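Which chain is which? The protein sequence lines are A and B, in order.
Under my numbering, the residues of the first sequence are numbered 210 to 452, in order.
Under my numbering, the residues of the second sequence are numbered 12 to 126, in order.
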Amino acid sequence: MMNERLPIAEIWVYLSGSPLFALILTLATYQLGYTLYVKANRNPIVNPVAISVLLATFCIYVIDMPYQKYFEGAQFVHFLLGTATVALAVPIYRGCNSLKGKLVPMTLALLIGSAVSIGSAVGIASMLGAGDNIVGSMYAKSVTAPIAMGIAERIHVSPTLTAVFTVATGMLGAILAPFIMNFLRIKPWWIRGTAIGVGAHGLGITRAFSVNEEAGTYASMAMGLNGVLSAVLLPVVVNYLRS
Amino acid sequence: MINGLVQLLIWQGLGELVSILLWPNIPGPVLGLLFLLAFLLVKGEVNQPLGMVADSFRLHLGLLFVPASVGVILFLPDLKTHALAVTAALLISVMLTIATTALVLKFFAKRAHDE
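In structure tokens:
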């Protein structure tokens, strides 16, 4: 045998050059995170996305893979964000039946809620001296991630930071929402659901569904409506503020 | 399953097309969402393959933003410098958002109840 030692370095060169490595890294870390999440009784602290991001980031840091290289492979997963956004029409449609008579209060609550979300986040971040990059990425953080990133591209801020802030917001919201509601003595499930859908988008919905079906439906609808309204209004508002 | 995915991709494509040609301010997928919603409202039902794919997307929505979030590696120094600002902004903002939304709805619900 001329070459009895398998040239591991060559295999590595091949693997890291193909999209396969980034895909495996993305999906396997998420799978691990999801398994842990289910094992922990879907406790929002054990967030599969956060686990996956931490592990994947750590891996590409350790093997010194440039992010651009990683993304070349992982973009196949990233692409599906748009498709997932379109799919949000289904939960919104399913919630429409229970919406009757509540459309006006819900729209108003969404508008005021997102205004508070943007105003407080952007205000606090800039007051404490965060740079333009960070402040800009606070605009869309309460919108569900796929839409938030679409908005980020439209208002020329970093989609990456927006995604990171969005995930963090979802986690915080899902953890804190029950305490806030109990503190404010808010009992109706539809109100609790809507508020968590506006404040904590996707992760909030998962949380809401695990507690109460009605809360989950309203959370899905609130998240969808909030995303659509923000996508329409945010670019206009941001352009106005910047001019 | 493929059937549902094809439906979604077609709506997404239509949304992208309208976004590029007519309404560049709104992301294509959001327009696709609106078109699909209008279609569902007219049809009056969600067909089974579409419902199945939509449900699995909802369940694992988080997976799809892993690739972008890993980009946080590019911003680590920036985030470290402004750790306090970022944490305070995210934490306070999420509490205010949830509280305000709930209180506005409570106000309306109470008013509707009193009338």
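Yeah, the Cβ is synthetic: ideal placement off N, Cα and C, and Gly gets one too.
As the structure is a computational prediction, the values presented were derived from the model and not from experiment.
The alpha-carbon of A:Met358 is positioned some 13 Å away from that of A:Leu289. At least 8 Å separates the beta-carbon of A:Pro300 from that of A:Ser419.
Counting only Cβ-Cβ distances below 7 Å, B:Gln23 has contacts in chain A at Gly291, Thr292, Val295, in chain order.
For B:Lys54, the uninterrupted alpha helix (DSSP H) run begins and ends at 39–54, by DSSP.
For A:Ala409, the closest C-alpha among the options B:Asp125, B:Ala113, B:Gly26 is that of B:Ala113. Against chain A, the CB of B:Pro88 has no partner CB under 8 Å away; the residue lies outside that interface. Each of A:Ile343, A:Ala383, A:Ala424 was checked against the Cα of A:Arg401, and the nearest Cα belongs to A:Ala424. The contact set of A:Tyr348 on chain B, defined by CB atoms closer than 9 Å, is empty, because the minimum CB distance reaches about 11 Å.
A:Asn252 carries a coil assignment under DSSP once its states are collapsed to helix, strand and coil.
Under the 8 Å criterion on CB atoms, B:Ile13 is classed as non-interfacial with respect to chain A. The segment 250–263 of chain A makes contact with the segment 375–384 of chain A; the number of CB pairs closer than 8 Å reaches 3 or more. The three-state reading of DSSP puts A:Arg416 in helix, counting H, G and I together. For the pair B:Ile84 and A:Ile269, the CB atoms are nearer than the 8 Å cut-off. Listed in chain order, the non-local C-beta contacts of A:Thr353 below 6 Å within the same chain comprise His410, Gly411, Met432, Gly436, local neighbours out to five positions each way being set aside. Counting only Cβ-Cβ distances below 8 Å, B:Leu33 has no contacts in chain A at all, with the closest Cβ about 14 Å away.
According to the DSSP assignment, A:Thr369 belongs to the alpha helix (DSSP H) that extends over 368–392. Collapsing the DSSP output to three states places A:Asn435 in a helix. Apart from the 5 residues on each side of it in sequence, A:Trp398 sits with its Cβ closer than 8 Å to the Cβ of Asn421, Glu423, Ala424, Tyr427 in its chain, given in chain order.
Secondary structure of A:Ser329 (DSSP, three-state): helix.
The criterion of a C-beta distance shorter than 8 Å is not satisfied by A:Tyr449 and B:Val57. For B:His124, the uninterrupted alpha helix (DSSP H) segment begins and ends at 94–125.
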